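Colleague:
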Amino acid sequence: MAELNLTFDLINRVSQYTGLPHMWLIIILNPADILSSRQAINRYRFLAQSSPQISLSAYELALEKIVHSTWDIQLYKDTLLAYNKIAAHNNLPLENDLKNNTISCTKDGIRLPRAGSPLPKSRRPIRTHIERSLRPENTPTALHAAQLSLASLDLALDAENFKLAQSHAAKAQGAIDTLVGSMELKAAKNKAAGSSTHHSAESQDPTEKDIQQWTDRVNVVNALTSLAQGDFARATTYFLKLGREAGEDSGRELLATTSDIGIYTTLCALAHFDRQQLKERLIDNLEFRSVLDSEPQLRQLLNLFRENKYREVFEYLHTSLPIYRTDLYLAEQTNRLMSMIQERAISQYFGSFSSARMNKASEVFGWNMEELEARLVESIRTGNLSAKIDLANLILNQHKPPARDKLLSSVLESAQKIQSQSNAALFRLKLISADLVVRDNNPSNHSNVLQASTPSSSSEHVDRSK
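Counting the sequence shown from 1 gives a position; this note's numbering is that position plus 452.
(1) Just to confirm my understanding: we take Arg777, look at its own chain, exclude 5 residues before and 5 after, and list those with CB closer than 6 Å. What are they?
(2) Near Cys720, what residues of its chain come up, given a Cβ to Cβ distance below 6 Å and the 5 sequence neighbours on each side ignored?
(3) Which residue's Cα is closest to the Cα of Thr710: Leu780, Ala844 and Glu747?
(4) Measure the C-alpha to C-alpha separation of Gln873 and Leu859 and round it to an integer number of angstroms.
(5) Tell me which residue opens and which closes the beta strand (DSSP E) that Arg809 is part of.
(6) Please report the distance separating the alpha-carbon of Ala879 from that of Ile870.
(7) What are the partner residues of Lys840, as DSSP defines its beta bridges?
(8) Using the Cβ count rule (16 or more neighbours within 10 Å means buried), how would you classify His620?
(9) Are the CB atoms of Leu631 and Val672 within a distance shorter than 8 Å?
(10) Are the CB atoms of Gly714 and Leu676 within a distance shorter than 8 Å?
(11) Near Lys840, what residues of its chain come up, given a Cβ to Cβ distance below 7 Å and the 5 sequence neighbours on each side ignored?
(12) Please state the DSSP three-state secondary structure of Ala712.
(13) Measure from the alpha carbon of Glu516 to the alpha carbon of each residue in Ala594, Tyr535 and Ile663, then state which is nearest.
(14) Check Phe879 in the structure and name its three-state DSSP category.
(15) My output table needs one value for Arg788: the three-state DSSP class, helix, strand or coil.
(16) Throw me the rounded Cβ distance for the Glu739 and Arg669 pair, which I believe falls under 8 Å.
(17) Using CA coordinates, which residue listed in Phe614, Ala492, Ser634 and Met792 is at the minimum distance from Ser429?
(18) Among Gln599, Lys693 and Glu795, which has the Cα closest to the Cα of Arg833?
(19) Are the beta-carbon atoms belonging to Thr667 and Phe691 less than 8 Å from one another?
(20) Distance check for Thr593 and Leu730, CA to CA, integer angstroms please.
(21) Considering only residues of the same chain and omitting the five flanking positions on each side of Leu773, which have a CB-CB separation below 8 Å?
(22) Can you list, in chain order, the stretches of the alpha helix (DSSP H) that have 4 or more residues and sit fully within the stretch 615-701?
(23) Helix, strand or coil, according to DSSP, for Thr778 in the structure here?
(24) Applying the criterion that 16 or more other CB atoms from any shown protein chain within 10 Å of the CB defines a buried residue, is Pro588 buried or exposed?
(25) Rounded to whole angstroms, what's the CA-CA distance from Met821 to Phe725? Just pull it up for me.
(26) Using C-beta distances below 7 Å, list every residue in its chain close to Asn674, excluding the 5 sequence neighbours before and after it, in chain order.
(27) Once you ignore the five residues that flank Ala597 on each side, which residues in its own chain have a CB closer than 6 Å to its CB?
(28) Could you check what DSSP says for Phe725 in three-state terms: helix, strand or coil?
(29) Which of the three DSSP states, helix, strand or coil, is assigned to Asp524?
(30) For Glu512, tell me which candidate among Gln505, Tyr496 and Leu780 has the shortest Cα-Cα distance.
(31) What residues in its chain sit with their C-beta under 8 Å from that of Ala539, if we drop five residues either side in the sequence?
(32) Compare the beta carbon distance of Asn760 and Tyr801 with 8 Å and say whether it is the shorter of the two.
(33) Out of Ile663, Asp887, Ser678 and Arg809, point me to the one whose CA is closest to Leu609's CA.
(34) If I follow the unbroken alpha helix (DSSP H) through Glu823, where does it start and stop?
(35) Do Leu846 and Arg809 have their C-beta atoms within less than 8 Å of each other?
(36) Rounded C-beta distance between Arg763 and Val816? I'm assuming under 8 Å.
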């Protein structure tokens, strides 16, 4: 397996999101300017300590001066600590006002352009028309609802409020579905009227590419927030819904690059999927194949995991831990995610044998006997592995369920099947008693269609003997 390159280029990584230039800015300071700046910093700090009414503003000016004119890190920390002590008492109302005002400004920014639409040719006063156009009940459309939901979604994600972001993501998805439905209905009406269906230059309807980008953005937010909260199964589901262009720059703020999406999806899939699912949903997935082509080490990692070469997999993950711990969404979940991957590997390896030698397993996993024994005991205790350890012979034997439990599960399965058949029979009796007939209008269609018809309106005979 190729050795991992751990060179972490922060400037290059951040520039993918912010567009920063790949260069270092060299600042040359004049000693006289430094001296005068020190005097200004000292005066600002003294003013902040002696005048509580303007302390926050004075500390802000001092911090700005320290950043632009000095290299004194300790002075910056001390000033910032003093600033935070005072600002902590006033942060809550300020943050609430900022959030409410930001959301209001965003909504008004989407709502106000409607006032600039051409005025109707009537004698109604212009002021009355503008006031009517600005009313909230008159402005929202399916497009505006989608734009408002996406804007609120970005605000919640920027504030790292992941639960609120998920709530706005659900609203955004509903708004997008409504928008698609309205566009399809409009297209059907235009087609029925015989008019042209192509988009004109003045049309405000989004294109299919816009809809796809919005849908991918909602799915990315759902996936990232689920990952940050430790719901790896949900995160995997949304990551696999992304299109091929989800990690590319589309003119808006980039939430995750193609490389990040590949890493997130691979790690979450290793923690939840078995061998067959890894092959079908990741390796053979046409949408995800482009991600694996750009990150060949991820494809190699998936193949190693499927081939029970867990030593190489764990070595790769252990080497990559410093990078994962610097990621915004993986940092707090790294240890738990690594533990789940190891648990999946243990259950996958020992689940294939009725009995397995622990010395052979020690070589496969790359652990010593003490560590392997401790991990097996923990897996058995948590219920992930149903087995017994023979320490005398260093063999792990799979625990076979008793025949009584097997019989009980079979009885429960049969009872559920009988209950389902009984409910179907009762439902058919209710249809017959109501003089309803079940038939398939299109014999070539395999899906059954339920239609209600009376004997007078149907030419078919209702057989009540069935």
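From the three backbone atoms N, C-alpha and C, an ideal C-beta is built for every residue, glycine too. Being a predicted model, the structure only gives us computed values, none of them experimental.
Modeller: To lay it out plainly:
(1) Ala783 and Thr786
(2) Phe684, Ala687 and Thr688
(3) Glu747
(4) 21 Å
(5) Ser807 to Arg809
(6) It should be pointed out that residue 879 corresponds to Phe in this sequence rather than to Ala. Distance between the alpha carbons of Phe879 and Ile870: 14 Å.
(7) Asn849
(8) buried
(9) no
(10) no
(11) Asn849 and His851
(12) According to the sequence provided, residue 712 is Asp. The question's Ala does not apply to it. Asp712: helix per DSSP, three-state reduction.
(13) Tyr535
(14) helix
(15) helix
(16) At roughly 16 Å, the Cβ-Cβ gap does not stay under 8 Å, so Glu739 and Arg669 are not in contact.
(17) Residue coverage of the chain in this structure runs from 453 to 918, which leaves residue 429 outside it and unanswerable.
(18) Glu795
(19) no
(20) 42 Å
(21) Thr786 and Met790
(22) 660-680 and 684-691
(23) coil
(24) Confidence is the limiting factor: at Pro588 the pLDDT is only 47, short of 50, which leaves the residue's position unreliable, though a coordinate-based value still follows. Burial call: exposed.
(25) 27 Å
(26) Gln618, Ala621 and Tyr690
(27) Ala627
(28) coil
(29) coil
(30) Tyr496
(31) Leu508
(32) yes
(33) Ser678
(34) Met821 to Thr834
(35) yes
(36) 7 Å
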